[in-house]
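See structure below.
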């Protein structure tokens, strides 16, 4: 369906072009910038506007007929289209985080050994400060993680440590 295609294209856009993009804003600003470029030229845009315009142009290349669709659609249809593309970019970020978590667990586990307690790859409990090994890695430099009173005092009153 068209919805599935927009989500799929949004996923690709999120992986390849811009993972943390507000698609609705990109479409709105992209249309405005497109008119400005046609009237005044690309050199009149600021560096930030050029980045945004470039991302917009890449999105137009990825999603065929998107320009025609947004130019001839109602505001509500453009918002719905943006939401579907955004859903795809969100999935791209989620996929990246899942694979990153697994890679980090592999990286912190000593070769040929297992972490005790075990860190589940797909459950948040038992990760971060809730796990002995990862909490020590998250401890700010200069703090002694083994001394819990020192850590608590240091995190609450860093200027006194």
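In full-length UniProt numbering, the protein residues as written are 1 to 161.
All C-beta atoms, glycine included, are put in the ideal place defined by N, C-alpha and C.
Which of helix, strand or coil DSSP assigns to residue i
i           : result
residue 111 : coil
residue 127 : coil
residue 93  : helix
residue 88  : helix
residue 119 : coil
residue 135 : helix
residue 99  : helix
Spatial distance of residue i from residue j (CA atoms)
i           : j           : result
residue 16  : residue 61  : 12 Å
residue 112 : residue 101 : 19 Å
residue 78  : residue 132 : 48 Å
residue 47  : residue 97  : 30 Å
residue 135 : residue 52  : 38 Å
residue 19  : residue 103 : 20 Å
residue 39  : residue 6   : 30 Å
residue 71  : residue 122 : 42 Å
residue 126 : residue 37  : 52 Å
residue 137 : residue 63  : 42 Å
residue 56  : residue 94  : 22 Å
residue 31  : residue 54  : 12 Å
residue 35  : residue 99  : 40 Å
residue 106 : residue 68  : 46 Å
residue 145 : residue 129 : 11 Å
residue 120 : residue 59  : 36 Å
residue 29  : residue 50  : 11 Å
residue 108 : residue 82  : 39 Å
residue 110 : residue 116 : 11 Å
residue 90  : residue 84  : 10 Å
residue 25  : residue 8   : 19 Å
residue 66  : residue 147 : 58 Å
Rounded Cβ spacing between residue i and residue j (contact assumed at less than 8 Å)
i          : j          : result
residue 10 : residue 88 : 2 Å
residue 23 : residue 86 : 4 Å
residue 45 : residue 27 : The pair is not a contact, with the Cβ atoms about 17 Å apart (cut-off 8 Å).
residue 92 : residue 14 : 3 Å
Closer than 8 Å to chain D by CB, residue i
i         : result
residue 9 : Given the protein chain composition of this structure (a single chain), no chain D is represented.
(message) If we require 4 or more residues per run, which alpha helix (DSSP H) segments fall completely within the stretch 11-84?
(response) 23-40, 47-62 and 66-72
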